[in-house]
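Protein chains in written order, with this note's numbering: chain A, 190 to 495; chain B, 30 to 397.
Notes follow the structure.
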Amino acid sequence: MTSHVPARPNEAERYYNYAYLDEQTKRMIRRAILKALAIPGYQVPFGSREMPVPYGWGTGGIQLTAAIIGPQDVYKCIDQGADDTTNAVSIRQFFAKIADVETTEDTGEATIIQTRHRIPEKPLKEGQVLIFQVPQPEPLRGLEARETETRAMHAYQEYGLQYVSLYENVSKYGRIAATAGYPVMIEERYLMSPSPIPKFDNPKMGGNEAILLFGAGREKRIYAVPPHTSVRSLDFEDYPFETQSWDETCALCGAEDSYLDEVILDDAGAKMFVCSDSHHCGERRDAGHVGDMAGHQLAALDKEPA
Amino acid sequence: MAYVSVKGGEKAITNAHRWLAEDRRGDAAVNELEVNQVREQLSLAVDRVMAEGSCYDRDLAALAVKQARGDLPEAVFLVRAYRTTLPRFGASEPVETEQMHVRRRISAAFKDIPGGQVLGPTFDYTHRLLDFTLAADGVEIPAALEAEAPQQHPMPTIASVFAHEDLLEADTRAESPQEPYDLTREPMAFPAGRDQRLQALARGDEGFLLSLAYSSQRGWGSTHPLCGEIRLGETAVEFVPDELGFAIEIGEITVTECQMLSGFSGSAERAPQYTRGYGLTFGHCERKAMSVAIVDRALRHREVGEQADAPVQDEEFVLYHSDNVEASGFVQHLKLPHYVDFQADLQLIRRLRKEHFERRAALKEAAE
């Protein structure tokens, strides 16, 4: 695996402040983070700044990272579970350049992991921070468009509407049809959006040893799940929460228990399934695990510098 | 057809950036556009970028227009991303538009008003015929004649016309004014004060606000507006530095100001009177200033006890969706990979389809 990129020496000439944001802004964001950690699952409004990437590209996650990163950190950035997706590459380069940090693809050795849409397969440890990019922080937004209303609903812990919506799913589809961004209850108090991760990843949130931070730049909200916090995916006694599973295994590493991407191979319907977590897959292959299509060009591409 | 993997992100990005730079330059046989040409000759594009970029700097805005290849929302974004890195010294003194050096000033409410009608540089009465002489080189432009009489200064505002009859709601001045809300430092909050609202509208997308104002005129939350006054010109900006304790002039900016008048039929407490909608933008942005004034007035429905059921009267709807940097980012982020979510969705749809066909088959069997 290509993984380690050592930190660059500190540059004498810099047009922007270390890690882009000015120190006042970083302090404002850190205060919001502390408040978020103190009230798990509560969305803290913050004075989100315009960033040099568009809203929707991870401006919230980038601001969180910029506020907490230091030269001693080791930074990993993934999108859809993979280190080599274009936006992950772009954000990783940004921090390598403006924060002089070492970057890595290795989940285990990173101190800060920024992610869009996935939680890595490898369990996180104490001392690590997982930063989620959040497009819509409000779990109730699909049910109630007004922010003034949804804030009141959280204040009064008035989540009946959410349960009715899940019940309507059951009556219409015979199951809870939410697949990604599946709503969770934090410490039995705040309803929270886990960001659009597949519900497959929901169980990884509860009791996690790492700090989970969520940043929504456009909507100007920060929220958090501190280590060892209870995270319950909503369900009913007779319709318990369940995660996705596949009949297939990873074609490259043979993994049976990882989240799989479907890769279209031709226009005749041929396809293969591969681990969405590219580092997890590479590590397994390095350890000698092989899947049905081991040696496929897709595996070779992982070795290219991302 | 073989599957082409979307990997090797770094190479792809580098090459895409090079290609973009080539496309921006266009045919190398044609002279490269200079930033000062943009600043001087595409000045209304520059004005729009300054207004929506919330940054008064003609050179930076011109550079942004050039870099964005004329895509104005993209140029606005470039200016915003630069602006956000600048330190904030504080808030200026309120700008006195009465003291403006007026280049254009018209009122649709009266045939003549104190200070007079000054048509100024406007497209309003041009015939929109393509001027092919502009495509030819070296055309001489005859100079505009200067007025014989000097202009009145200070230039009274439309409010002065109504002053002695109390027909128009008066400007109220706060005794100890608070520093205005700053959306570049604080998130949107509701209910929004008028300062917050006017800032959001001043930064808002011209197209969105124009359409909202238009919807209001067509009956979706009508305010029956009348253009009390539009003025364009240069006005001084003053600032009180802490170390001095008195106001000093720190520069001059071009602004467009619009005051829309709307009738108010009165209530038990308040006599019938004209109310105002207000719009102010950096640069020469008349379409925008007028739209802002109409939308501002529509959003004041609570103050005058109007029924509010149209989009233009809905504060959350208008203020949350008027920013084109936010809107453009979120709409376009759908280009980013979503295959993890899509895979989750695909699984569900496949299962639902399977169950659907099983049910159909069972029904058919039962019928037979």
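Glycine is no exception: its CB is placed at the ideal position from the N, C-alpha and C atoms.
Pull up the distance between the alpha-carbon of residue i and that of residue j, whole angstroms please.
i	j	result
T438/A	L487/A	16 Å
A203/B	H193/B	21 Å
M30/B	R238/A	Unreliable positioning characterises M30/B in this predicted model, as indicated by a pLDDT of 33, which lies under 50. A coordinate reading is not provided.
E278/B	F268/B	6 Å
H306/A	T293/A	19 Å
Q433/A	R214/B	41 Å
A229/B	M217/B	9 Å
S357/B	V347/B	16 Å
Y154/B	D76/B	21 Å
V147/B	H313/B	15 Å
G443/A	Q372/B	19 Å
I301/A	T151/B	55 Å
S447/A	H385/B	28 Å
R473/A	K393/A	20 Å
G316/A	G297/A	11 Å
D466/A	T214/A	33 Å
G270/A	E445/A	16 Å
L239/B	E69/B	26 Å
Counting only beta-carbon atoms, is residue i nearer than 8 Å to chain A?
i	result
A41/B	yes
T114/B	yes
Y26/B	Lying outside 30 to 397, the shown extent of chain B, residue 26/B is not represented and no answer is given.
V347/B	no
A231/B	no
H182/B	no
N44/B	no
A58/B	no
G144/B	no
Could you tell me the boundaries of the alpha helix (DSSP H) in which residue i lies?
i	result
D234/B	No alpha helix (DSSP H) holds D234/B; DSSP gives it neither H nor E.
Y85/B	From DSSP, Y85/B is part of no alpha helix (DSSP H); its letter is neither H nor E.
P102/B	101 to 112
C470/A	467 to 475
G252/A	According to the sequence as given, residue 252/A is Gln; it is not Gly. Taken as a continuous stretch (DSSP letters only), the alpha helix (DSSP H) holding Q252/A covers 248 to 257.
G226/A	According to the sequence displayed, residue 226/A carries Leu and not Gly. 212 to 227 is the extent of the alpha helix (DSSP H) around L226/A.
A341/A	336 to 344
Y349/B	344 to 350
Is there a Cβ of chain B sitting closer than 8 Å to that of residue i, yes or no?
i	result
F235/A	yes
E310/A	no
T293/A	no
Q351/A	no
E327/A	no
P385/A	yes
R450/A	The residue you asked about is not Arg; residue 450/A is Asp in the sequence shown. Chain B, which has a Cβ nearer than 8 Å to the Cβ of D450/A, makes this yes.
Q346/A	no
M342/A	no
Y205/A	yes
Q303/A	no
E212/A	no
Where does residue i land, buried or exposed, given buried means 16+ other C-beta within 10 angstroms?
i	result
E212/A	exposed
I287/A	buried
P383/A	buried
F403/A	buried
E408/A	buried
Q346/A	exposed
Q232/A	buried
N391/A	buried
Q288/B	buried
G484/A	exposed
E336/A	buried
A41/B	exposed
A57/B	exposed
K140/B	exposed
The beta strand (DSSP E) spanning residue i covers which residue range?
i	result
L255/B	254 to 268
S291/B	277 to 293
K460/A	460 to 464
F403/A	400 to 405
M381/A	379 to 381
A413/A	410 to 414
When you compare the CB of residue i with every CB in chain C, is at least one pair closer than 8 Å?
i	result
R238/A	The structure shown contains no chain C; its protein chains are A and B.
Can you pull out the residues from the segment 242 to 274 of chain A whose beta carbon lies closer than 7 Å to at least one beta carbon of chain B? Those would be P243, Y244, G245, W246, D268, Q269, G270, D273, T274, in chain order.
Just by C-beta distance, which residues in the segment 215 to 227 of chain B are closer than 9 Å to chain A? Of all residues in the segment 215 to 227 of chain B, those with a C-beta nearer than 9 Å to a C-beta of chain A are E215, P216, M217, A218, F219, P220, reading in chain order.
Compile a chain-ordered list of the residues in the segment 396 to 425 of chain A whose CB is closer than 9 Å to at least one CB of chain B. Under the 9 Å Cβ criterion, the segment 396 to 425 of chain A contributes G406, R407, E408, K409, R410.
Along the segment 367 to 384 of chain B, where does the CB come closer than 9 Å to a CB of chain A? Name the residues. If you check each beta-carbon in the segment 367 to 384 of chain B against every beta-carbon of chain A, the ones closer than 9 Å belong to H367, Y368, V369, D370, F371, Q372, A373, D374, L375, Q376, L377, R380, L381, E384.
The segment 322 to 333 of chain B: which residues have C-beta closer than 7 Å to a C-beta of chain A, in chain order? Result list empty, no residue passes.
Residues of the segment 83 to 107 of chain B with Cβ closer than 8 Å to any Cβ of chain A, in chain order: Residues F106.
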